[in-house]
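Here's the structure we're looking at; comments come further down.
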Amino acid sequence: MPRTKGVSVDASSPLAVALESDLDSGGENRPNYSVPAVEKALDIIEYLSAEAVPMTRAQLARALNRQPAELFRMLTCLESRGYLWRDSGSNAYSLTLKLFELSRTHSPYEELLKVAIPHMRSLVGEVRESCHLSMLHEDKVMVLAQEESPKPFRLSVEVGSLHTVSGTTSGRVLLAYMDDAEASALLKRDHAYHQRSAKDKQALQTRLEQIRTRGYEWTEGEWFEGGIDLGVLVGAPGSHVKAALVMATLRRKGQGPTLEQVLPALQQCARDIGLSAGILKSS
14 MPRTKGVSVD ASSPLAVALE SDLDSGGENR PNYSVPAVEK ALDIIEYLSA EAVPMTRAQL
74 ARALNRQPAE LFRMLTCLES RGYLWRDSGS NAYSLTLKLF ELSRTHSPYE ELLKVAIPHM
134 RSLVGEVRES CHLSMLHEDK VMVLAQEESP KPFRLSVEVG SLHTVSGTTS GRVLLAYMDD
194 AEASALLKRD HAYHQRSAKD KQALQTRLEQ IRTRGYEWTE GEWFEGGIDL GVLVGAPGSH
254 VKAALVMATL RRKGQGPTLE QVLPALQQCA RDIGLSAGIL KSS
């Protein structure tokens, strides 16, 4: 991504004043890399985004456990930079579309791929099984990346290929962590779902609940004899950017990996990708 270099802030600007005030008032016990003014600005932006309703300075102060005077200069700064809009009648603040416009300058697919591939390679080196990463693309599941097993006989999924959401491990993992309205709207556009009987549709709902409860999807022989898929979520359930990480392998003459052998490594890989991509918070 292109970066802006040589940006300076006027010493008399609201941002500079807020930064100087917060940095000077911290004392010697503050961690070396703490930037209170930045944290305060992010708290405001994230809270307004989560609540999705305009809020006054007093309401924000109560919600963020701060004094109204603490927020005055930061709100003024964010408003002047175009991140917030203040209603002149109610004095309530709301987010503008500036963050949305900034987000359009990069693709979540590209950013996720950039951090995912090294972790996927490490996973394949550990379990010696193929794995692929998928995300939703309109009403289908798209395979974004694949790392192949070093074994002479292995499963391979074409990168860029599109698949049904209800009939694949990746799709069901993504469906399981959607809210009901989003999942229902997606299934209405899924041709394979409409071909299911009422009993099969109910079985799918039960299966999605099982995925949410246990945290993974394990299938054997869904598409052909001897095929095994194990899938987990990449990212937080409530995140707008989510992906499915799936290990795909073949069982040869009754031999194949057990769930206990590969699940911990797959879950750790998904967690590492989520943390590196910034779509999962460290606990």
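Quick note on the numbering used here: the sequence shown kicks off at 14 and runs consecutively. Note that beta-carbon positions come from the ideal geometry of N, C-alpha and C, so glycine has one too.
The stretch 276–296 makes contact with the stretch 115–134, as at least three CB pairs between them are under 8 Å. Contact annotation, GLY184 with VAL154: C-beta distance approximately 5 Å; criterion of less than 8 Å satisfied. Judged by their CB atoms, SER179 and LEU149 are not nearer to each other than the 9 Å cut-off.
The stretch 201–220 makes no contact with the stretch 273–281; the number of CB pairs closer than 8 Å stays below 3. Secondary structure of SER295 (DSSP, three-state): coil. Around the beta carbon of THR219, a 10 Å sphere encloses fewer than 16 other beta carbons of the protein chains shown; the residue is thus reported as exposed. Scanning the stretch 171–217 for uninterrupted beta strand (DSSP E) segments of 3 residues or longer gives nothing; none is fully contained. Leaving aside the five residues that flank GLU161 on each side, the residues in its chain whose CB is nearer than 8 Å to its CB run, in chain order, VAL137, SER143, ARG167 and SER169.
Under the Cβ criterion (8 Å, minimum of three pairs), the stretch 98–109 counts as touching the stretch 52–67. The residues SER107 and THR109, in chain order, have a CB closer than 6 Å to that of TRP98 in the same chain once the five nearest residues on each side in sequence are set aside.
Straight-line spacing of the CA atoms in THR232 and ALA196 works out to 21 Å.
For ALA249, the three-state secondary structure derived from DSSP is coil.
Across the set TYR190, VAL186 and ASP152, the C-alpha of ASP152 shows the shortest separation from the C-alpha of LEU175. DSSP places GLU233 within a strand segment (E or B) once states are collapsed to three. With respect to TYR206, LEU217 sits close: the two C-beta atoms are nearer than 9 Å. In the displayed model, GLU142 falls within coil according to three-state DSSP, outside both helix and strand.
Counted as a single uninterrupted DSSP element, the alpha helix (DSSP H) harbouring VAL275 occupies residues 272–290. The criterion of a C-beta distance shorter than 9 Å is not satisfied by GLY244 and ARG264. In the displayed model, THR226 falls within a helix according to three-state DSSP. Residue environment for LYS214: exposed (fewer than 16 other C-beta atoms within 10 angstroms of its C-beta). Sequence-distant partners of TYR190 (beyond 5 residues in either direction) whose C-beta falls short of 6 Å from its own C-beta, in its chain, are LEU246 and PRO250. In this structure, the alpha-carbon of ALA74 lies about 27 Å from that of HIS253. Our two residues, LEU125 and VAL186, have alpha carbons roughly 17 Å apart in a direct line.
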